[in-house]
Amino acid sequence: MEPAPLATYEDLAGMIDHPLVKPDLTNVQVVEGIELAKRYRIACVSVRPCDVDLAVRTLEGSPVRPGSVVGFPHGSQNTATKLYETRDLLRRGAREIDMVIAISALLSREFQHVQTELMQMAETCRKEGAILKVILENAYLTDELKIVACRCCARAGVDIVKTSTGFALSGYTIEDVKLMRKHLPEEIGVKAAGGLRTLDQALEVRAAGATRIGTASTAAILDEWKARLAEAPKKNGCAT
């Protein structure tokens, strides 16, 4: 089903997650990124686990949701470690969790392990009213394994399935967004991330089925979006 046309600033801003997960970010840069997210009124700002307390404090009173990452960036931690990370982040105030799927287990076709881990993670987040986003890291997967991963995510009842961390060999592709949308139930969102830098790319992935967008180019994308919205009445002959 085709998504409804975007009509307002909030329609696009409400899809954007702003990542602050690079290892070389200073506290000052993290705060600057969080303040940017507040100004642009986006969906979520995702920080490193060490920065969650800072993000929760800085976002107090803002509709932007504080998020963080688990099993990042390769999904190599065992399930107990991922669950501990998740509970700790939720206790400290994170409201969205971006978790990397067990990539090596998926590649080894240990599907029961993948399924069990996802179910435990989903239940942990659900109990706290938090959103769970599962990162597949598609750069390492065949189409068959992407489909299997989507089915595991659907059985677990996760909230959103994400293409990439941005730390692999490549990020999102339109083909992957379409594939994931096709093999996930309607109630589970799709997040495109990794290399998404322009408004046209954002609109393209949305048309392909993405419901969330991970990008560090938040300001550039939304500034251009505001400009296009302002220009639209003139193009339609409504300028005064």
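So the sequence shown is numbered by our numbering: it starts at 281 and just counts up by one. No residue lacks a Cβ here, since even glycine has one placed at the ideal position from N, Cα and C.
- Exposure of Y364 is indicated by the presence of fewer than 16 other C-beta atoms within 10 angstroms of its C-beta.
- In the same chain as G474, and ignoring 5 residues on each side of it, the C-beta atoms closer than 6 Å to its own belong to S444, G446, G451 and Y452, in chain order.
- A straight-line Cα-Cα distance of about 15 Å links E467 and K458.
- DSSP places M295 outside both helix and strand once states are collapsed to three, so it counts as coil.
- Between the alpha carbons of L502 and D423 lies a distance of about 32 Å.
- Taking H393 as the centre and dropping the five residues before and after it, the same chain places the C-beta of A382 and A385 closer than 7 Å to its C-beta, in chain order.
- A straight-line Cα-Cα distance of about 14 Å links P285 and A512.
- Within the stretch 444 to 514, the beta strand (DSSP E) runs of at least 3 residues that lie entirely inside it are, in chain order, 469 to 473 and 492 to 494.
- Counting every other CB atom within 10 Å of its CB across the protein chains shown gives E397 a total of 16 or more, marking it as buried.
- Residue state for L425 is assigned as helix, using DSSP reduced to three classes.
- For D368, the enclosing alpha helix (DSSP H) stretches over residues T359 to R371.
- For G341, no alpha helix (DSSP H) encloses it, and the DSSP letter there is neither H nor E.
- For G347, the beta-bridge partners assigned by DSSP are S326 and E376.
- The DSSP-derived three-state label of L300 is strand.
- Put simply, the stretch 315 to 333 does not touch the stretch 353 to 361. Fewer than three CB pairs are less than 8 Å apart.
- Of the candidates P283, Y289 and I314, the residue whose Cα lies closest to the Cα of A496 is I314.
- In chain order, Y320, R321, I322 and L502 place their CB closer than 7 Å to the CB of A293, counting only its own chain and leaving out the 5 sequence neighbours on each side.
- Residue environment for P299: buried (at least 16 other C-beta atoms within 10 angstroms of its C-beta).
- Pairing L305 with V332 gives a Cβ-Cβ distance that is not under 8 Å.
- A check of alpha carbon separations from R431 across H463, M401 and A419 identifies H463 as the nearest.
- If you look at I381, you'll find it isn't in any beta strand (DSSP E); DSSP assigns it neither H nor E.
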